[in-house]
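Novice:
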Amino acid sequence: MAKNKKNKPFRPKARRPRGFEDRSAEMLRAEARLIEAAFSVYDIHGFEPLQTPAFEFADALGKFLPDDDRPNTGVFALQDDDEQWMSLRYDLTAPLARFVAENYDALAKPYRRYQAGSVFRNEKPGPGRFREFTQCDADSVGAAGAAADAEMIMLAAEVMRAAGLKDGQYAIRVNNRKLLDGILESSGVPNTAEGAEQRLQVLRAIDKLDRLGAAGVEALLGEGREDDSGDYTDGAKLNAAGIKAVLGFTTASTDNRADTIRTLEGLMGTSERGLDGVKELVQIDTILNAVGFGNDRVAYDTSIVRGLGYYTGPVFEAELLTEIKDRKGRPVRIGSVGGGGRYDDLVSRFRGQAVPATGFSFGVSRFLTALERMDALESSVKPPVVICAFDKALMGEYFKMAGELHAEGIRAEVFVGAGNVTKQMKYADRRNAQVAVLMGSDEMAAGEVTLKDLYEGAKAAAAIESNEEWKSSRPAQETVSRANWVSAVRAMLANAS
RNA sequence: GCCGCCUUAGCUCAGUUGGUUAGAGCGCUGGCUUGUGGAGCCAGAGGUCCUUGGUUCGAGACCAAGAGGCGGUACCA
């Protein structure tokens, strides 16, 4: 055995680290289309593209454990040769904050940029969750007013449309962090750093409304909750009145913005922060109404929280609605594909002064998966026409022919591998090609080209039993003059279903 | 982090009470067929039975630990 081991050449196992995916041709094309659609929306609204590096200094990303000099778990980090910690970015927002802080004086404010790229998270992957995935972001830095938030919300809705969705198939659901702050303030949770942890727990609890239901959330708002596996999650420790107030708040919204605003004004009582939040929603509503964004595209929804702690004002999620209606005839949610909101403290970490910011972000592959499920994806690129290399002496001729198809915008390739015609036809079949081009020296001399429709040929094959018949019948092919062969290919392609 | 399930060929899996050379289907490669993709027939390649340790005359099978995968839950900037 030891001898065997010695003689065996080292062969690495072909494998991927978990949570890292190879992305297929079809997936990449769909992703590129989606990103392109979003970019065109951002671009026409005057946003500028930006590309930041995958690595940032760990302290710039802001994730250090308080009692540790190493970057937080959850990020991929390594020490550079000068011993400084560098981390792979875990989102596109923190690098943007760094970029703005670094170039603050040179940028015209508000600085509005869009960006798409891979982000990395060093955590356990789950179904539909990876350790590398593509995010697509647009942000507006340096504008404090609700107008900037309204713009991001409108952009989110426009991106939904650009992705191919019809109005009614999606909804942007808007809330405001300040409202919940107001409710909690009235329930004895101070609106200060002391209450931060408790507020975060309340947010996490509300975020689980759709999964755990009101009873589960009630437990998480109170003492805590034990799940089916026996694991215990500590609660936010609100008192009974506080739990009631929070649950009441999360169900206060209707599908009419004006109504919801009126309800909220009543709920906020005397809380200055709460009323401030309502005021912002009124300003956003005014803009949305002026531009014609109705309740079907943008709704106010008090159950939206976004789990993240760094939001400071308006927050929103882009949700896809299925075709399926519930009993009352309303569309049923299938989930959030993106979201955003105001984060006024992220850039100011780098500088003394306040730098307000607001943005929108969506996960590209998650959005695609959802679109796929809704059958809202465009068809992808057609397979190429395959030009068989019958005769190596004619190779130059084959490439010239491919060029003629390219000039007409037809995807085509010459078989550059080794093997006889059988192999080449197998290759064409495997590539899902519809048309194979056959030209040997006979056709060449006669000024002809033979075209074979592989789709039609496959249909014909079903009726053929014997191999000899299959070989000799040569179904679904025609020989055309070299002079007009390109239009013959075009006609054959048009014939496809 | 916690809980559960799983790990034998590229894929899906079988493998008897612990017994000699570990199998099947599909897929792959080649041939029948150097001018034709299907079907068919023939041949072939491909294995650290996840790893390590233990029990045993003997382990793919039994035991222990570890690793990896899947699912749930928690966290998620």
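For the first sequence, the numbering used here gives the first residue as 814, with consecutive numbering after it.
Just so it is clear, CB atoms sit at the ideal spot from N, CA and C, and this is done for glycine as well.
Computed from a predicted model, the values in this text were never measured in an experiment.
Going by the CB atoms, is the gap between Arg1070 and Ala1112 shorter than 8 Å?
Specialist: Yes.
Novice: At which residues does the alpha helix (DSSP H) containing Glu998 begin and terminate?
Specialist: Arg990 to Ser999
Novice: I'd like to confirm the pairing. Which residues does DSSP put opposite Arg925 in its beta bridges?
Specialist: Note: Arg925 sits in a beta bridge opposite Ser953.
Novice: Quick one: Cα of Tyr855 to Cα of Ala951, how far?
Specialist: When the Cα atoms are used, Tyr855 and Ala951 turn out to be separated by approximately 7 Å.
Novice: So, using beta-carbon positions, are Val1199 and Phe1228 closer together than 8 Å?
Specialist: yes
Novice: What three-state label does DSSP hand Met965 in the structure shown?
Specialist: Note: Met965 maps to helix in three-state DSSP.
Novice: Could you give the distance in angstroms between the alpha-carbon of Glu1007 and the alpha-carbon of Leu1077?
Specialist: 26 Å
Novice: If you drop the 5 nearest sequence neighbours on each side, which residues of the same chain put their C-beta closer than 6 Å to that of Asp904?
Specialist: Val932
Novice: Are the Cβ atoms of Gly977 and Ala1189 separated by less than 8 Å?
Specialist: yes
Novice: If I follow the unbroken beta strand (DSSP E) through Val1111, where does it start and stop?
Specialist: Val1111 to Tyr1113
Novice: Could you tell me which residues DSSP pairs with Trp898 in its beta bridges?
Specialist: Gln892
Novice: For a quick check, are the C-beta atoms of Leu1207 and Met1238 less than 8 Å apart?
Specialist: no
Novice: Please report the residue range of the alpha helix (DSSP H) in which Tyr1045 lies.
Specialist: Here Tyr1045 belongs to no alpha helix (DSSP H); instead the beta strand (DSSP E) covers Tyr1045 to Asp1047.
Novice: Take the Cβ of Arg831 as the centre, count every other Cβ of all protein chains shown within 10 Å, and call the residue buried at 16 or more, exposed below.
Specialist: exposed
Novice: Give a yes or no on contact between the segment 1156 to 1173 and the segment 953 to 962, applying the rule of three or more CB pairs nearer than 8 Å.
Specialist: yes
Novice: Could you give the first and the last residue of the continuous alpha helix (DSSP H) run that contains Ser1285?
Specialist: Asn1280 to Ser1286
Novice: In the DSSP assignment, the alpha helix (DSSP H) including Ala1215 goes from what residue to what residue?
Specialist: Counting along the chain, the alpha helix (DSSP H) containing Ala1215 begins and ends at Met1208 to Ala1220.
Novice: Helix, strand or coil for Leu1016, going by three-state DSSP, please let me know.
Specialist: helix
Novice: Measuring alpha carbon to alpha carbon, tell me which residue in Leu874, Ala1231 and Val1194 is nearest Ala838.
Specialist: The shortest C-alpha to C-alpha distance from Ala838 to any of Leu874, Ala1231 and Val1194 is the one to Val1194.
Novice: Are the segment 1015 to 1034 and the segment 1158 to 1167 in contact at 8 Å, needing three or more beta carbon pairs?
Specialist: no
Novice: For Ile1056, collect the residues of the same chain with a Cβ closer than 8 Å to its Cβ; drop the 5 residues on either side in sequence, then sort them by chain order.
Specialist: Within the same chain, Ile1056 has close Cβ partners Glu1031, Leu1034 and Gly1035.
Novice: Have a look at Asp1109, Lys826 and Ala1276 and flag the residue whose alpha-carbon is nearest the alpha-carbon of Leu1133.
Specialist: Asp1109
Novice: Taking contact to mean at least 3 C-beta pairs separated by less than 8 Å, is the segment 992 to 1011 in contact with the segment 1150 to 1161?
Specialist: Counting C-beta pairs with one atom in each stretch, the segment 992 to 1011 and the segment 1150 to 1161 have fewer than three that are closer than 8 Å, which means they do not touch.
Novice: Give me the residue from Arg986, Arg902 and Phe852 with the minimum Cα distance to Phe870.
Specialist: Arg902
Novice: Count the other CB atoms, across all protein chains shown, that sit within 10 Å of the CB of Val1104; report buried if there are 16 or more and exposed otherwise.
Specialist: With fewer than 16 neighbouring CB atoms inside 10 Å of its own CB, Val1104 falls in the exposed class.
Novice: State buried or exposed for Thr1099, treating a residue as buried only when at least 16 other CB atoms are found within 10 Å of its CB.
Specialist: exposed
Novice: What is the residue span of the beta strand (DSSP E) that Asp1266 lies within?
Specialist: Glu1261 to Asp1266
Novice: What first and last residue would you give for the beta strand (DSSP E) that runs through Asn860?
Specialist: It should be pointed out that residue 860 corresponds to Phe in this sequence rather than to Asn. That residue, Phe860, is in no beta strand (DSSP E); it is neither H nor E in DSSP.
Novice: Look at the alpha carbon of Trp898 and the alpha carbon of Ala921, and state the distance between them as a whole number of angstroms.
Specialist: 31 Å
Novice: When the distance is taken between beta carbons, is Ser900 closer than 8 Å to Leu874?
Specialist: yes
Novice: My assumption, with CB atoms under 8 Å, is that Glu1130 sits in contact with Gly1152. Please give the rounded CB distance.
Specialist: 4 Å
Novice: Helix, strand or coil: which one does DSSP assign to Leu1159?
Specialist: coil
Novice: Looking only at its own chain, which residues have a Cβ that is under 8 Å from the Cβ of Val1095, when we skip the five neighbours before and after it?
Specialist: These residues qualify, in order along the chain: Ile1074.
Novice: So, with DSSP's three-state summary, where would you put Leu878?
Specialist: Unreliable positioning characterises Leu878 in this predicted model, as indicated by a pLDDT of 47, which lies under 50. The coordinate reading is nonetheless provided below. DSSP places Leu878 in coil when its eight states are reduced to three.
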